[in-house]
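Trainee:
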Amino acid sequence: MSQPFARYLHPFDVAHHPSLEPEVKRAILASWASDRHAVENHPAMRQSPELKAPVSVDDVFAALRSLDGPDSQPTLQ
């Protein structure tokens, strides 16, 4: 990414950012979810250079889902 995103501490900081376009939010979060940012010996954690601390990949995916709105949440049957 060409923009500085170091101020984001958590995926929901990106998802709830008021001035970022949805496409930009998705791109940032998708980058963080990438396996290339997996923490060694902790595959459920991600540490992107933009993040100050590792975050759970589940949190990244939850932030991505939140961009789709509450009606898009999968239901268990």
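Numbers 0 to 76, taken from numbering that gives the first Met the number 0, label the letters of the sequence shown in order.
Quick reminder that beta carbons are idealized off the backbone N, C-alpha and C, glycines included.
Source: prediction; values computed, not measured.
Determine the burial state of valine 59: buried for a count of at least 16 other Cβ atoms within 10 Å of its Cβ, exposed for fewer.
Mentor: The residue in question, valine 59, is buried, as its Cβ has 16 or more Cβ neighbours within 10 Å.
Trainee: By how many angstroms is the C-alpha of histidine 36 removed from the C-alpha of glutamine 46?
Mentor: Going by the C-alpha atoms only, they are around 5 Å apart.
Trainee: Assign serine 55 to one of three DSSP states: helix, strand, or coil.
Mentor: Strand at serine 55.
Trainee: Hey, how far is the Cα of histidine 41 from the Cα of lysine 24?
Mentor: Cα to Cα, the separation comes out at about 25 Å.
Trainee: Could you tell me if leucine 28 is buried or exposed, where buried requires 16 or more neighbouring beta carbons within 10 angstroms of its beta carbon?
Mentor: With 16 or more other Cβ atoms within 10 Å, it is buried.
Trainee: For aspartate 57, which option in Ala43, Ser30 and His9 has the closest C-alpha, if you only look at C-alpha atoms?
Mentor: Checked all of Ala43, Ser30 and His9; the closest Cα to aspartate 57 is Ala43.
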